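Just below is one structure, and these are the notes that go with it.
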Amino acid sequence: MESIIQAKSEDRLVGALDFKGPLSTSSYITRRQEATWFSPNPIADPTSSKTVRISITSSDAWIDLNSLVFSAILRNTDTTAANKLQFLSNDANVLFNRCTVHVGGAVAEDTQYWNKLTLMFNEMQPSDKKQNDAIFSISAPAANALGSNAKSAEIDIGDAGARRVMWRPVVSGLCYGQSKLCPAFALGSGGTTFSFELAPGIEICSTNTSAHSTSYQLSDIRAHADVCYLETSLQNSFAESLLSSKPLILH
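Below, the structure written as C-alpha coordinates:
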(Lines of atoms letter the chains of each structure in order from A and count residues from 1; the text may use other names and numbers.)
(Lines give C-alpha, C1' and ligand atoms only; values in the text may rest on other atoms or scores of the structure.)
Protein backbone atom coordinates (compact mmCIF):
# COMPACT_ATOMS: atom_id res chain seq x y z
CA MET A 1 0.00 0.00 0.00
CA GLU A 2 2.81 2.41 0.92
CA SER A 3 4.55 1.82 -2.41
CA ILE A 4 1.30 2.47 -4.32
CA ILE A 5 0.76 5.75 -2.48
CA GLN A 6 4.34 6.85 -3.10
CA ALA A 7 4.06 5.97 -6.79
CA LYS A 8 0.85 7.97 -7.22
CA SER A 9 1.71 10.92 -4.94
CA GLU A 10 2.81 14.32 -6.15
CA ASP A 11 5.24 16.56 -4.30
CA ARG A 12 3.83 20.02 -3.53
CA LEU A 13 5.17 22.95 -1.59
CA VAL A 14 3.72 23.28 1.89
CA GLY A 15 1.75 26.44 2.47
CA ALA A 16 4.54 28.04 4.50
CA LEU A 17 6.88 27.81 1.49
CA ASP A 18 4.37 28.75 -1.22
CA PHE A 19 4.83 32.43 -1.99
CA LYS A 20 2.63 32.57 -5.08
CA GLY A 21 -0.09 35.18 -5.08
CA PRO A 22 -3.78 34.16 -5.12
CA LEU A 23 -4.76 32.51 -8.38
CA SER A 24 -8.36 33.76 -8.21
CA THR A 25 -8.72 37.47 -8.94
CA SER A 26 -11.60 39.90 -9.47
CA SER A 27 -10.30 42.25 -12.13
CA TYR A 28 -13.84 43.54 -12.77
CA ILE A 29 -13.65 45.39 -9.41
CA THR A 30 -11.71 48.46 -10.45
CA ARG A 31 -11.52 50.15 -7.07
CA ARG A 32 -12.33 49.58 -3.40
CA GLN A 33 -12.09 52.37 -0.86
CA GLU A 34 -13.51 53.60 2.44
CA ALA A 35 -16.24 56.20 2.27
CA THR A 36 -17.74 58.41 4.97
CA TRP A 37 -21.28 59.78 5.23
CA PHE A 38 -22.46 62.47 7.66
CA SER A 39 -25.75 62.69 9.50
CA PRO A 40 -27.89 65.78 8.84
CA ASN A 41 -28.40 65.93 12.63
CA PRO A 42 -25.65 68.24 13.95
CA ILE A 43 -26.50 67.26 17.53
CA ALA A 44 -28.67 64.56 19.08
CA ASP A 45 -29.72 63.99 22.68
CA PRO A 46 -32.46 61.93 24.34
CA THR A 47 -34.58 64.93 25.37
CA SER A 48 -34.86 67.29 22.40
CA SER A 49 -33.61 65.56 19.23
CA LYS A 50 -33.53 61.87 20.04
CA THR A 51 -33.51 60.35 16.54
CA VAL A 52 -30.25 60.02 14.62
CA ARG A 53 -30.64 59.53 10.87
CA ILE A 54 -27.89 58.84 8.38
CA SER A 55 -28.20 57.72 4.76
CA ILE A 56 -25.65 55.50 3.02
CA THR A 57 -25.76 56.55 -0.63
CA SER A 58 -23.79 56.40 -3.87
CA SER A 59 -24.65 57.12 -7.47
CA ASP A 60 -22.32 54.50 -8.98
CA ALA A 61 -20.95 52.17 -6.29
CA TRP A 62 -21.70 48.98 -4.39
CA ILE A 63 -21.49 49.18 -0.60
CA ASP A 64 -20.07 46.48 1.66
CA LEU A 65 -22.55 46.75 4.54
CA ASN A 66 -20.58 44.15 6.48
CA SER A 67 -17.85 46.78 6.94
CA LEU A 68 -20.29 49.44 8.18
CA VAL A 69 -19.30 51.31 11.35
CA PHE A 70 -20.89 54.38 12.94
CA SER A 71 -19.11 56.98 15.05
CA ALA A 72 -19.95 60.14 16.98
CA ILE A 73 -18.56 62.51 19.59
CA LEU A 74 -20.07 61.68 23.00
CA ARG A 75 -20.32 64.37 25.70
CA ASN A 76 -21.50 64.53 29.27
CA THR A 77 -23.84 67.56 29.23
CA ASP A 78 -24.48 67.79 32.96
CA THR A 79 -23.86 71.29 34.37
CA THR A 80 -22.26 70.11 37.64
CA ALA A 81 -18.56 69.30 37.33
CA ALA A 82 -18.72 66.58 40.01
CA ASN A 83 -21.40 64.61 38.15
CA LYS A 84 -19.77 61.84 36.13
CA LEU A 85 -21.45 60.08 33.23
CA GLN A 86 -21.15 56.30 33.37
CA PHE A 87 -23.02 53.89 31.10
CA LEU A 88 -24.13 50.42 32.11
CA SER A 89 -22.17 48.97 29.19
CA ASN A 90 -19.04 49.81 27.25
CA ASP A 91 -20.75 49.02 23.94
CA ALA A 92 -22.02 52.25 22.35
CA ASN A 93 -25.08 50.34 21.11
CA VAL A 94 -26.33 50.82 24.67
CA LEU A 95 -27.25 54.38 23.62
CA PHE A 96 -30.06 53.25 21.30
CA ASN A 97 -33.32 51.52 22.16
CA ARG A 98 -34.54 51.22 18.56
CA CYS A 99 -33.01 50.96 15.09
CA THR A 100 -34.95 51.22 11.83
CA VAL A 101 -33.41 50.56 8.41
CA HIS A 102 -35.02 51.79 5.19
CA VAL A 103 -33.72 50.52 1.84
CA GLY A 104 -34.86 52.50 -1.18
CA GLY A 105 -37.63 54.02 0.94
CA ALA A 106 -39.02 50.68 2.17
CA VAL A 107 -38.66 49.42 5.73
CA ALA A 108 -36.19 46.53 5.74
CA GLU A 109 -35.67 46.22 9.52
CA ASP A 110 -37.29 47.71 12.61
CA THR A 111 -35.66 46.44 15.79
CA GLN A 112 -37.09 47.38 19.18
CA TYR A 113 -34.94 47.09 22.33
CA TRP A 114 -31.83 47.39 20.13
CA ASN A 115 -29.49 47.98 23.07
CA LYS A 116 -30.77 45.06 25.14
CA LEU A 117 -30.66 42.67 22.20
CA THR A 118 -27.10 43.71 21.32
CA LEU A 119 -25.90 43.33 24.90
CA MET A 120 -27.47 39.87 25.18
CA PHE A 121 -25.45 38.73 22.16
CA ASN A 122 -22.28 40.45 23.37
CA GLU A 123 -22.51 38.86 26.81
CA MET A 124 -21.87 35.42 25.31
CA GLN A 125 -18.64 36.46 23.59
CA PRO A 126 -15.19 35.48 24.90
CA SER A 127 -13.70 37.92 27.41
CA ASP A 128 -10.89 39.06 25.09
CA LYS A 129 -13.38 39.83 22.32
CA LYS A 130 -15.52 41.86 24.73
CA GLN A 131 -12.42 43.74 25.87
CA ASN A 132 -11.48 44.62 22.28
CA ASP A 133 -15.02 45.70 21.43
CA ALA A 134 -15.18 47.91 24.52
CA ILE A 135 -11.95 49.73 23.66
CA PHE A 136 -13.28 50.22 20.13
CA SER A 137 -16.53 51.58 21.54
CA ILE A 138 -16.72 53.68 24.75
CA SER A 139 -13.96 52.56 27.12
CA ALA A 140 -12.15 49.51 28.41
CA PRO A 141 -14.15 47.73 31.15
CA ALA A 142 -12.80 47.01 34.61
CA ALA A 143 -14.05 43.43 34.30
CA ASN A 144 -15.60 41.50 31.43
CA ALA A 145 -16.37 37.96 32.57
CA LEU A 146 -19.87 36.55 32.14
CA GLY A 147 -22.30 38.54 34.26
CA SER A 148 -19.59 40.89 35.57
CA ASN A 149 -19.88 44.62 36.13
CA ALA A 150 -18.88 45.92 32.68
CA LYS A 151 -19.80 49.58 33.09
CA SER A 152 -18.01 52.21 31.05
CA ALA A 153 -15.38 54.50 32.49
CA GLU A 154 -16.66 57.70 34.14
CA ILE A 155 -16.90 60.62 31.72
CA ASP A 156 -16.26 64.20 32.84
CA ILE A 157 -18.56 67.02 31.77
CA GLY A 158 -17.96 69.15 28.66
CA ASP A 159 -15.04 68.95 26.27
CA ALA A 160 -12.73 67.51 28.93
CA GLY A 161 -14.55 64.19 28.81
CA ALA A 162 -15.65 64.28 25.16
CA ARG A 163 -14.61 61.25 23.15
CA ARG A 164 -15.33 59.67 19.78
CA VAL A 165 -17.25 56.42 20.21
CA MET A 166 -17.91 53.81 17.56
CA TRP A 167 -20.49 51.07 17.13
CA ARG A 168 -21.33 48.31 14.66
CA PRO A 169 -24.90 47.22 13.85
CA VAL A 170 -24.12 43.69 15.01
CA VAL A 171 -27.73 42.51 15.31
CA SER A 172 -28.73 43.78 11.87
CA GLY A 173 -29.18 40.88 9.47
CA LEU A 174 -28.86 43.30 6.58
CA CYS A 175 -25.34 44.34 7.66
CA TYR A 176 -23.47 42.06 10.00
CA GLY A 177 -22.30 38.84 8.31
CA GLN A 178 -23.72 40.01 4.99
CA SER A 179 -21.85 38.42 2.06
CA LYS A 180 -23.57 40.41 -0.69
CA LEU A 181 -22.71 43.95 -1.80
CA CYS A 182 -25.53 46.50 -1.65
CA PRO A 183 -26.32 48.14 -5.05
CA ALA A 184 -26.40 51.70 -3.73
CA PHE A 185 -26.54 53.14 -7.25
CA ALA A 186 -30.02 51.60 -7.70
CA LEU A 187 -31.60 52.85 -4.46
CA GLY A 188 -32.14 56.50 -5.35
CA SER A 189 -31.24 59.53 -3.26
CA GLY A 190 -32.44 57.90 -0.03
CA GLY A 191 -30.10 54.94 -0.33
CA THR A 192 -29.98 52.83 2.81
CA THR A 193 -31.11 54.97 5.75
CA PHE A 194 -30.43 54.07 9.38
CA SER A 195 -32.50 55.70 12.14
CA PHE A 196 -31.30 55.26 15.71
CA GLU A 197 -33.53 56.34 18.60
CA LEU A 198 -31.60 57.45 21.69
CA ALA A 199 -32.53 55.84 24.99
CA PRO A 200 -33.31 57.99 28.08
CA GLY A 201 -30.23 58.48 30.24
CA ILE A 202 -31.98 57.19 33.34
CA GLU A 203 -32.35 53.77 31.62
CA ILE A 204 -28.75 53.30 30.49
CA CYS A 205 -26.61 55.27 32.97
CA SER A 206 -25.31 54.25 36.37
CA THR A 207 -27.05 56.05 39.25
CA ASN A 208 -25.36 54.25 42.15
CA THR A 209 -23.61 57.38 43.44
CA SER A 210 -24.97 60.78 44.42
CA ALA A 211 -22.67 62.56 41.96
CA HIS A 212 -23.93 61.02 38.75
CA SER A 213 -25.11 62.28 35.37
CA THR A 214 -27.80 60.98 33.04
CA SER A 215 -27.37 63.77 30.47
CA TYR A 216 -25.48 63.06 27.28
CA GLN A 217 -25.20 64.31 23.72
CA LEU A 218 -23.94 63.04 20.36
CA SER A 219 -22.43 65.25 17.68
CA ASP A 220 -20.43 64.90 14.44
CA ILE A 221 -22.26 61.64 13.67
CA ARG A 222 -20.78 59.63 10.80
CA ALA A 223 -21.01 56.31 9.00
CA HIS A 224 -17.99 54.57 7.50
CA ALA A 225 -17.99 51.65 5.05
CA ASP A 226 -16.11 50.20 2.10
CA VAL A 227 -17.45 50.88 -1.39
CA CYS A 228 -16.61 48.98 -4.58
CA TYR A 229 -16.65 50.16 -8.19
CA LEU A 230 -17.11 47.73 -11.08
CA GLU A 231 -15.80 47.65 -14.61
CA THR A 232 -18.22 49.54 -16.90
CA SER A 233 -19.63 46.64 -18.90
CA LEU A 234 -20.43 44.57 -15.79
CA GLN A 235 -21.95 47.61 -14.06
CA ASN A 236 -24.14 48.23 -17.09
CA SER A 237 -25.31 44.61 -17.12
CA PHE A 238 -26.51 44.92 -13.52
CA ALA A 239 -28.26 48.19 -14.34
CA GLU A 240 -30.02 46.62 -17.33
CA SER A 241 -31.08 43.65 -15.19
CA LEU A 242 -32.63 45.95 -12.58
CA LEU A 243 -34.35 48.03 -15.25
CA SER A 244 -35.89 44.77 -16.49
CA SER A 245 -37.38 44.25 -12.99
CA LYS A 246 -35.09 41.34 -12.18
CA PRO A 247 -34.38 41.19 -8.42
CA LEU A 248 -31.03 41.11 -6.63
CA ILE A 249 -31.66 38.90 -3.60
CA LEU A 250 -29.51 39.82 -0.59
CA HIS A 251 -30.62 36.87 1.57
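So the mapping is simple: our numbering equals the position in the sequence shown, first residue as 1, plus 709.
Ideal placement from N, C-alpha and C gives every residue a C-beta, glycine not left out.
All of these numbers come straight from a predicted model, not from anything done at the bench.
Would you mind working out which of the options sits nearest residue i, comparing C-alpha positions?
i: Q814; options: A932, T901, C808 and D787; result: Strictly speaking, residue 814 in this sequence is Gly, with Gln absent from that position. Taking only the C-alpha atoms, the option nearest G814 is T901.
i: H921; options: I866, S836, S942 and R872; result: I866
i: A936; options: V810, S924, L890 and L804; result: According to the sequence shown, residue 936 is Val rather than Ala. Ranking the options by Cα distance to V936, first place goes to L890.
i: L777; options: L804, E863, A932 and A862; result: A932
i: L750; options: V761, R741, Q742 and R721; result: Here residue 750 is Asn; the residue named in the question, Leu, does not match the sequence. Out of V761, R741, Q742 and R721, V761 has the C-alpha closest to the C-alpha of N750.
i: A790; options: S924, L826 and W823; result: S924
i: I752; options: C914, R721 and Q926; result: Q926
i: T745; options: S767, K759 and A725; result: S767
i: D819; options: A934, V880 and D868; result: V880
i: T809; options: V723, L957 and G882; result: G882
i: I966; options: D773, S748 and E949; result: Outside the shown range of the chain, which is 710 to 960, sits residue 966, and nothing can be said about it.
i: D769; options: A934, S928, V816 and P892; result: P892
i: D930; options: F903, R740 and V812; result: It is Ile, not Asp, that sits at residue 930 in the sequence shown. The shortest Cα separation from I930 among F903, R740 and V812 belongs to F903.
i: T739; options: S928, S942 and D720; result: S942
i: S898; options: K759, L951, I765 and E719; result: I765
According to DSSP, is residue i part of a helix, a strand, or is it coil?
i: N775; result: strand
i: M875; result: strand
i: D754; result: strand
i: F747; result: strand
i: A725; result: helix
i: Q944; result: helix
i: E906; result: strand
i: A932; result: strand
i: S735; result: coil
i: S950; result: helix
i: I866; result: strand
i: I911; result: helix
Note down, in chain order, each residue of its chain lying with its Cβ closer than 6 Å to the Cβ of residue i, except the 5 sequence neighbours on either side.
i: A871; result: I782 and R784
i: N702; result: Residue 702 lies beyond the range of the chain shown here (710 to 960); nothing can be said about it.
i: A862; result: S848
i: S780; result: R873, M875 and R931
Just to confirm my understanding: we take residue i, look at its own chain, exclude 5 residues before and 5 after, and list those with CB closer than 7 Å. What are they?
i: F805; result: W823, N824, F905, E906, L907 and A908
i: G910; result: P755, T923, S924 and Y925
For residue i, is the classification buried or exposed, using 16 other Cβ atoms within 10 angstroms of its Cβ as the cut-off for buried?
i: I844; result: exposed
i: F707; result: Residue 707 lies beyond the stretch modelled for the chain, which goes from 710 to 960, so this question has no answer here.
i: A725; result: exposed
i: F830; result: exposed
i: A869; result: exposed
Which same chain residues, not among the five before or five after residue i, have their C-beta less than 8 Å away from its C-beta?
i: Q821; result: N806 and R807
i: S915; result: Q795, F796, L797, K860 and H921
i: G886; result: N775
My parser needs the beta strand (DSSP E) runs of 3 or more residues fully inside the stretch 779 to 863; what are they?
805 to 812 and 815 to 821
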